[in-house]
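Here the numbering used here is used: the first residue of the sequence shown is 20, the next is one more, and so on. All C-beta atoms, glycine included, are put in the ideal place defined by N, C-alpha and C. What you are looking at is a predicted structure, and each value in this text was computed from that prediction instead of being measured. Here the structure is laid out as structure tokens; the discussion comes afterwards.
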Amino acid sequence: MDFYNKYAVYFGILFVISMFIEQAFCILILGILIGIISIESLFIRITLNRIGVKCNGEIDGIESDNENFKTPKIKFKTLENEEIIGTPSLYVSTSFSQVQSYKSKIGREIPIIYNPNNPIKFELYNEKGYGTIGIIVTGILSFGLLILGTLELTGIINKFN
């Protein structure tokens with residue numbers, strides 16, 4: 020999500036400006052942003068599948084967002100004996116994780132896979148399926164928004180005027 024973190028503010032400003040010019044641009048910008056997130060996640064997944072190193076980490080804590088979705092904080096050591104503490108790069112927090120108690124899991128070992136060239140890029144090995152579903156859903160959503168925005172701009176559909 021490096022690209023998103025670097026340029027999110029610029030896309031936000033462009034989004035607000037386009038609301039006053041042409042609303043269809045908002046849909047295109049949203050489709051582009053979601054597509055970038057999906058593609059970046061896909062590249063992380065491909066890299067992890069290709070060169071990832073599997074090891075055991077320990078659940079060090081839990082981070083909650085403002086909607087109470089929880090993400091485990093993982094501590095692990097790389098092959099170079101460097102200690103990494105962070106949240107998975109690919110993690111899909113579900114509605115189930117809002118009610119599930121993670122406090123009982125703190126301190127447990129959990130298998131992870133990390134990028135040896137950039138160890139902060141890692142994911143929970145047993146939850147790769149959820150990450151794949153997340154990548155597919157965001158890719159489909161992005162594609163749909165791009166088509167909708169393009170059809171609106173070309174005049175084929177006239178939903179927003």
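Per DSSP, cross-strand counterpart(s) of L143: Stepping through the sequence shown from its first residue, residue 143 is reached at position 124. Paired residue(s): I131.
Helix, strand or coil at N11 [DSSP, three-state]: There is no way to answer for residue 11, as the model of the chain reaches only from 20 to 180.
Contact set for I53: own chain, Cβ-Cβ below 6 Å, skip 5 residues either direction: Here residue 53 refers to the residue found at position 34 when the sequence shown is read from its first residue. Within the same chain, I53 has close Cβ partners T157, L160, S161.
Close-in-space but distant-in-sequence residues of the same chain around L172 (CB under 6 Å, 5 per side omitted): In the sequence shown, residue 172 corresponds to position 153, counting from 1. Result list for L172: A43, in chain order.
Endpoints, the beta strand (DSSP E) within which N75 is located: As a first step, residue 75 is located in the sequence shown; it is residue number 56 there, counting from the start. Where N75 is concerned, the enclosing beta strand (DSSP E) stretches over 72-83.
N134 to I46 span [Cα, whole Å]: Counted from its first residue, the sequence shown places residue 134 at position 115. Counted from its first residue, the sequence shown places residue 46 at position 27. So the alpha carbons of these two residues sit roughly 34 Å apart.
Inter-residue Cα distance where the pair is T151 and I36: For the purposes of this step, residue 151 is taken as the residue at position 132 of the sequence shown. For the purposes of this step, residue 36 is taken as the residue at position 17 of the sequence shown. One C-alpha to the other measures close to 34 Å.
Which residues DSSP lists as bridging F95, in chain order: As a first step, residue 95 is located in the sequence shown; it is residue number 76 there, counting from the start. Its beta-bridge partners are I103.
When I51, I81, E41, G174 are compared against G126, the one with the closest alpha-carbon: In the sequence shown, the residue the question calls residue 126 occupies position 107. G126 has its Cα closest to that of I81, out of I51, I81, E41, G174.
Best match in I166, S123, V111, L143 for proximity to G153 [C-alpha to C-alpha]: Your numbering for residue 153 matches position 134 in the sequence shown. The candidate whose alpha carbon is nearest that of G153 is V111.
Among P107, K92, N68, N137, the one whose alpha carbon lies nearest that of L98: For the purposes of this step, residue 98 is taken as the residue at position 79 of the sequence shown. Of the listed residues, the one whose Cα sits closest to L98 is N137.
L167 to G31 span [Cα, whole Å]: On the sequence shown, residue 167 is found 148 positions in, with the first residue counted as 1. On the sequence shown, residue 31 is found 12 positions in, with the first residue counted as 1. Computed Cα separation, rounded: 20 Å.
For N137, the three-state DSSP class (helix, strand or coil): Counting from 1 along the sequence shown, the entry for residue 137 is found at position 118. Residue state, collapsed to three classes: strand.
Distance, N177 Cα to G105 Cα: Position 86 of the sequence shown, counted from the first residue, corresponds to residue 105. Position 158 of the sequence shown, counted from the first residue, corresponds to residue 177. Their backbone Cα atoms lie some 46 Å apart in a straight line.
Closest Cα partner of S108 within the set E128, Y144, G163: Looking up residue 108 in the sequence shown gives position 89. Checking every option, the nearest Cα to that of S108 belongs to Y144.
Which listed residue (I40, E41, I48, I129) has its alpha carbon closest to that of A27: Against the sequence shown, residue 27 aligns to sequence position 8. When only C-alpha atoms are compared, the closest one is I48.
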